[in-house]
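K.L.:
Structure provided below as structure tokens; questions to follow.
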Amino acid sequence: MVTSVQYSIEAIKDEARQLLLKGLVASQQPIYTLCQYIPASEWVCVECELEKNDFLLRDRIIDLLGR
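Residue numbering for the sequence shown is 25 to 91, as defined by the working numbering.
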């Protein structure tokens with residue numbers, strides 16, 4: 025049985041905010057930096073959700089958190 029985790033844009037923002045608070049990522053880094061902290065099998069879902077919300081992987085993390 026394969027389970028798929030659904031990532032909402034809010035869940036992605038929360039994850040990014042937590043990584044930022046822990047000092048693992050910087051606000052000026054591109055969003056694709058987050059892929060180091062999200063399982064590869066789930067990254068495709070994250071990418072799709074980002075695209076649906078008009079974010080590019082090269083956008084900065086602060087742009088994601090600022091909206």
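Yeah, the Cβ is synthetic: ideal placement off N, Cα and C, and Gly gets one too. In this text, all values refer to a predicted model and were calculated from it rather than measured experimentally.
(1) Are the Cβ atoms of Pro54 and Asp83 separated by less than 8 Å?
(2) Rounded to whole angstroms, what is the Cα-Cα separation between Leu45 and Gln60?
(3) Per DSSP, Pro63 forms a beta bridge with which residues?
(4) Would the C-beta of Phe79 count as close to the ligand ZN, meaning under 7 Å from any of its heavy atoms?
(5) Just how far apart, CA to CA, sit Ile36 and Gly47?
P.N.:
This is what the structure holds:
(1) Looking up residue 54 in the sequence shown gives position 30. Looking up residue 83 in the sequence shown gives position 59. Yes, Cβ-Cβ distance for Pro54 and Asp83 is below 8 Å.
(2) Numbered from 1 along the sequence shown, position 21 holds the residue referred to as residue 45. Numbered from 1 along the sequence shown, position 36 holds the residue referred to as residue 60. Using only the alpha carbons, I get a separation of about 16 Å.
(3) In the sequence shown, residue 63 corresponds to position 39, counting from 1. In DSSP, Pro63 forms no bridge with anything.
(4) Among the ligands in the structure shown, none appear at all, so the ligand ZN cannot be discussed.
(5) Here the question's residue 36 lines up with position 12 in the sequence shown. Here the question's residue 47 lines up with position 23 in the sequence shown. In a straight line, the C-alpha of Ile36 is about 17 Å away from that of Gly47.
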